[in-house]
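Protein chains in written order, with the numbering used here: chain A, 34 to 387; chain B, -12 to 730; chain C, 100 to 286.
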């Protein structure tokens, strides 16, 4: 790890000023940044430590019913906030399915949102990567690509965004609150992360020096609490990144879907909001046929970026399953294995001959 | 149930670990926890190309980094007395110790940076920014040309068999030919290979994780041109080896060289990503099974051909064919191996080397045959039960496999298994499948020595340079000693893990407890004999005239066998003889005659239940039941742990471990513990172990067979078979991942 | 800029003892601070990248991976490491339960496992309304700690036993710890 200047910011203004120096990076929980620094993937000259900034570690209910999650709220703390879990169960299920308890206790809200891809070639400093070194090429193309993107990728980058947390946030129309040299602004969550296009080095809507101060869930997001799930397919039962995941929420009125939300994880370089699929749900009664139709629409534009065609079919199936589970109702208690296809207790489902 | 299988006062008791309190309080010091005064830190720079040579290192940048003391490269590395490419015995594996600028594989050490702090050394290594002359590497299995090696595994013949395969297949009513692949696997003990090396003139003290301290000492003596007695290798606690720490690896020796170069005590710890290259691995394999059987299930032919991979510069061949040589009866058996080379680090022994990869293929193929014949998989195995070792015809020294099959099946409920696949679902709609496999591993022995000392205060000291890597030597050797000495456990002090002690052999190949235990037992008997000699020749002793055979040791006393009331405390015997202590050595080794006469193997039966999501393909092993027979069980608590650990390794082989090489660069894309998956706690809800009673009068005087590797065999095949039973999909490319199950 | 060798004073409470520490290098993680500078080597370095859990310690009561925590950013924090868990010679219930249930083999991951278990029990949610802990929740909650030896069955049993002992201890008499070093196998 390269040596760096360490600046502990006492205020947002101080942080923004300190970060205006070239080569500066913001430090919060460190679970992603310190890892990247140890891997030699990012080599900042200065770390501006945000962890002492006042007021950013609160979970607030705003007068209009919206919920603001401060940028420094630790993922673990958010999962343990009973009020939050009651209103946004899919967000908590997603968080609990990610990483480990230890990492969640350190990782922050903003840090999770800003985490970089886990593409093996991005993570290998000896591999060409347009994210790390614009114009160098993408060595993932033609390489080991089982888990790479099937939506929104380009010739220049086929990586995915690895966050679980971000998937329900995208589905629930979250808003990213930002402060920076030019003041405050907001960005809708589902356009906060940028698709690679021909500038994969540009990863988010943040401009130089800007800080994410909070994630806000709008008042209507809590309306999905009764019928929302996060479902995540993994290659081991826990402590693994998603192969594909889905966050869905349904607002049912009189047996029909008044509003349906679908977002997919680990299929693209952003949590993938499937608005066309959502439009197919509106006004219809939940049924396997409707869900299958929505799943087809969600993946309509998908193409393999390598040896990963299976992810397209898997994503369709996970959408159907997540919608089915959500329609059945959010479980009263968080499953023992959050977001897992094996979420129910293995002893509860005694086997029988079919 | 043999939990209470007792022998004397201590053997057979399920004692908790004697080293346990140190391990649960953090007091146990592992090699990298040792901090001599003046310690400096060394970090390796490793190659990012797989073939070629290093043409440039930015020494100036590294040396300019504050705290950096030295950069060790081929140009200034201390000369070695013996070339690391010299191969004076088959197990002197060629090592990359900066002998030249050649690069043989990605991840090869190419320089070592020494600094006053770990942070400076780490950054110094990064600043070297090597330049290369690179050649296109050969990476894929078989791509580098195929040849027949001279031997496989630990010196096993490349081919072995019996009978006429063609005739056997011609006589068969059903035939199965199938090709299975297993992935490259990396041991990844949680403790990385490391060394803390300190030179004092031409004397070396080395703290390093080693499964064989005397072998390490001898190798180092050769490299550094000093007598073995000048070298002390210490390893009281070893954080997992699984074969990768059997022989010293490059990082461990580079630390010693860096200490020599700088004249300072040096600590070098391998970084996790550097565990994927220079410290060995299990080769990927491609195995073709050819089975023929009559309608009733009796095998008429069993063919097993293996292709495995070694490095471009040394030979180690995964001997997957060994299982078929020992396990099932067939009039015709053919087991053959071929090898190919690739630009990778040399593979090496990895927990059940050969047996693990071979077992999953053999057990899968047997189930494919069972399907073809419409026979229950357990019945098929029983039908082909080997009453004698199939190829040699030797009787088994003991074999309680039938009891293992029966007890495991009963516990698991195997008789309720529907024959057809996709026939069971749970109440959540998940597919349920049941499968089984046979576990087998040789009951080998190495050579070892121990010293027993009885002291005037009535306590005893047992010393051997054996090694506890988690199997429980700290506990079980003391149990064996206590019984042999006739002392309670609290009066026995055990010293292990130090090469200044008598040669403890190798903790590997499931031979550690059998070998060291036999040595300890022999030493205890020898020292008791000396004590008896003192007493029975002393007219003042109540034992006078009893003769050696006429006394027994118990509760710290020698007593006349014919009159136990006539006894004397150890301390009193020594006091009267005017001796502070009495000591004797004992040997542990296989007895050649009985090893020639008998086939010696441990066995078991493993039953697996898996659940598979019918749409999403995700697999979970929900239940494992293993019933194992391995002779006398010294400590059932610790043996259970060994079996369970082995079974989890079988699970890992079946579903998880897969080193993904980019064939263009030769680098492993998932060289980290986030992407190279090993099982986590949530991966296995239920595991049960049955210890099946087995008495073996031939294997060694204590009747002990090894248990460390047995559990991995059988298990992977049982899981693969259960996945088939759940889904109807036969995956022949291991590990079984969800993409292979999406139908 | 970039090669600043500055001395940074921080204060940490380590196992109940307040310590003034001068960091000579901002790159030092809590793990390397403990292991290389404070001679507290119980926390282990298995991967150094937050992927194995061997370095788990409690910081201000919550479990984290010490390998990814820059020491300089934790000025003022209170750390509990494995060395500070027992009460003198009396093992913490989790330590005793790991011993009783053979929840380890090589022992390298054990300090991290034990501290993770202590935190897991403290976090609550393992059991419903005073009932026994749900083994599935224990397994999920312990999945951030790899054990390459595969001692997971013993680890799960140990956490269940400790949970029961600690819940009982909290409700009743103080001394419910399993005693003695020699226990008969339960199976």
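Note that CB positions come from ideal geometry on N, CA and C, so glycine has one too.
Closer than 7 Å to chain C by CB, residue i
i              : result
residue 456(B) : yes
residue 11(B)  : yes
residue -11(B) : In this prediction, residue -11(B) has a pLDDT of 32, which is less than 50 and means its spatial position is unreliable; what the coordinates show is noted afterwards. Residue -11(B) does not count as touching chain C.
residue 63(A)  : yes
residue 42(B)  : no
residue 67(A)  : yes
residue 266(B) : no
residue -8(B)  : Any reading at residue -8(B) needs caution, since the residue's pLDDT is 36, under 50, leaving its predicted position unreliable; the model's value is listed next. No, because no Cβ of chain C sits closer than 7 Å to the Cβ of residue -8(B).
residue 628(B) : yes
Test: residue i CB closer than 7 Å to a CB of chain A
i              : result
residue 670(B) : yes
residue 81(B)  : no
residue 110(B) : yes
residue 264(C) : no
residue 119(C) : no
residue 255(C) : no
residue 109(C) : no
residue 722(B) : no
Local conformation of residue i per DSSP, three classes
i              : result
residue 621(B) : coil
residue 412(B) : strand
residue 466(B) : helix
residue 284(C) : Reliability fails at residue 284(C), whose pLDDT of 35 lies under 50, so the model's placement of it is uncertain and the value that follows must be treated cautiously. Here residue 284(C) sits in coil by DSSP.
residue 155(A) : coil
residue 380(A) : Any reading at residue 380(A) is ruled out, since the residue's pLDDT is 40, under 50, leaving its predicted position unreliable.
residue 368(A) : coil
residue 704(B) : helix
residue 546(B) : strand
residue 134(B) : strand
residue 100(C) : Summary for residue 100(C): the model assigns pLDDT 36, below 50, so the residue's position carries little reliability; its value from the coordinates is reported in the next sentence. Note: residue 100(C) maps to coil in three-state DSSP.
residue 134(A) : helix
residue 148(B) : strand
Beta-bridge partners of residue i, as assigned by DSSP
i              : result
residue 572(B) : 438(B)
residue 190(A) : 187(A)
residue 674(B) : 611(B)
residue 181(B) : 256(B)
residue 598(B) : 419(B), 607(B)
residue 93(A)  : 101(A)
residue 187(B) : 190(B)
residue 265(A) : 278(A)
Residue interval of the beta strand (DSSP E) (run including residue i)
i              : result
residue 101(B) : 96 to 102
residue 10(B)  : No beta strand (DSSP E) contains residue 10(B), which is instead part of the alpha helix (DSSP H) from 7 to 12.
residue 69(A)  : First-last for residue 69(A): 66 to 71, but that is the alpha helix (DSSP H), not the beta strand (DSSP E).
residue 448(B) : 447 to 450
residue 353(A) : Premise fails: residue 353(A) lies in the alpha helix (DSSP H), 343 to 361, not in any beta strand (DSSP E).
7 Å Cβ cutoff, residue i in contact with chain B
i              : result
residue 195(A) : no
residue 231(C) : no
residue 177(A) : yes
residue 379(A) : Reliability of the predicted coordinates at residue 379(A) is poor, the pLDDT of 38 falling under 50, and no value is obtained from them.
residue 268(A) : yes
Unbroken alpha helix (DSSP H) run spanning residue i, endpoints
i              : result
residue 122(A) : 122 to 129
3-residue-minimum beta strand (DSSP E) runs that sit fully inside the region 240 to 322 of chain B, ordered along the chain: 253 to 256, 272 to 280, 286 to 298
Quick one: which unbroken alpha helix (DSSP H) runs of 4-plus residues sit fully inside the region 199 to 252 of chain C? Chain order, please. 209 to 222, 234 to 240
Could you tell me which whole beta strand (DSSP E) segments of length 3 or greater appear in the region 115 to 143 of chain C? 116 to 122
Tell me the start and end of each unbroken alpha helix (DSSP H) in the region 344 to 409 of chain B that is at least 4 residues and wholly inside, in chain order. 364 to 370, 388 to 399
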